[in-house]
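Residue numbers (the numbering used here): 52 to 307.
Glycine included, C-beta positions come from ideal geometry on N, C-alpha and C.
Owing to the predicted nature of the structure, the values given are computational and were not obtained by experimental measurement.
Here the structure is laid out as structure tokens; the discussion comes afterwards.
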Amino acid sequence: MVKIDVNKLDNEQKIRILKKAIEKYGLSYVAQKLGIDRSTLYKYVAGRVKKVQDEIISTTAEMLSVEELSDAIYGLKTIDVDPTVALSVIVKAMRDEGFRNFFLTLLYQYMRDYLNTTTSTYIVSEEDVKKFEVLLSDKSKSTKDMRMRYLKRALSELSYELSPDGIREILIEADSPNVARHMANSLKLFIKTVVKEKNPGLAHLLYSSFTVPKGKYKHRPENLNIETLKKIFDAIEHQGAIEGDSRIHCDFNLFL
């Protein structure tokens, strides 16, 4: 239950609280709970009474949920908020458990979809990239350069926002399986070493959200000409090879 300071509410907000309770329970039920008759409650709601007693509003507020109370008091009214005001709200939420619950409820009520998205996204900073480069110092120069090159390429395509869907998408759309494999390996290492230190839970989500694609290798044996083959067999000294070599020489002569 959220306790509100009725003294800070204007008359319009008080009336909206009464209306919200009546909308939820009905005029008769609310009047009974408040210990007043229906006509008196109607006068309050209609604005025929200049001042509604604070006790009436406090009791009515206890009949509403946090969501209902926030709708009644604030609705969707907006005001200009600067960073100082925003920070003061955060500090208040950290220190006051009742306000914190109220504040978080409002956030999830009005920004649920956005919060669900951001909780699975990590914003990569310039410091993160520099830290990763430092952590690669014990690797060979070629390995370090390769990891940094493919990490920066992946981050550029992701607009420096790591999310499960985003990572999977760039790997699917990579120029080749080998490029996808190198980007995936670099991202895995970055998440494991940098993201995990700042946000272990999110790092686990990101790390397990994609697999490293297998690169495609095509081995093409070198085509040896007849002269090269003759030299190879000439270099073999054991008797069986010599006998086979003489036969091969005969076979080769057929092609000359």
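Item, Value
"Per DSSP, the bridge partner or partners of residue 173", "213"
"Span separating the alpha-carbon of residue 183 from that of residue 216", "23 Å"
"With 16 other Cβ atoms within 10 Å as the buried cut-off, status of residue 205", "buried"
"Nearest-angstrom Cα separation, counted from residue 250 out to residue 257", "11 Å"
"Backbone CA spacing between residue 165 and residue 211 [nearest angstrom]", "18 Å"
"Inter-residue spacing [alpha-carbon to alpha-carbon] between residue 111 and residue 94", "15 Å"
"Given 8 Å, three or more beta-carbon pairs between the region 132-144 and the region 80-89", "no"
"Per-residue burial, residue 162 [other beta carbons within 10 Å of its own, 16 or more giving buried]", "exposed"
"Cβ contact (3+ pairs, closer than 8 Å) linking the region 221-241 and the region 189-203", "yes"
"Within 7 Å, strictly: CB atoms of residue 171 and residue 214", "yes"
"For residue 93, the three-state DSSP class (helix, strand or coil)", "helix"
"Pair within 7 Å by beta-carbon distance, residue 246 and residue 159", "no"
"Residue 96 and residue 69 closer than 7 Å at C-beta", "yes"
"Backbone secondary structure at residue 348 - three-state DSSP", "Past the boundaries of the shown model lies residue 348; the chain is included only from 52 to 307, so the question cannot be answered."
"Residue span of the alpha helix (DSSP H) that contains residue 194, given as start and end", "192-208"
"Within 7 Å, strictly: CB atoms of residue 57 and residue 88", "no"
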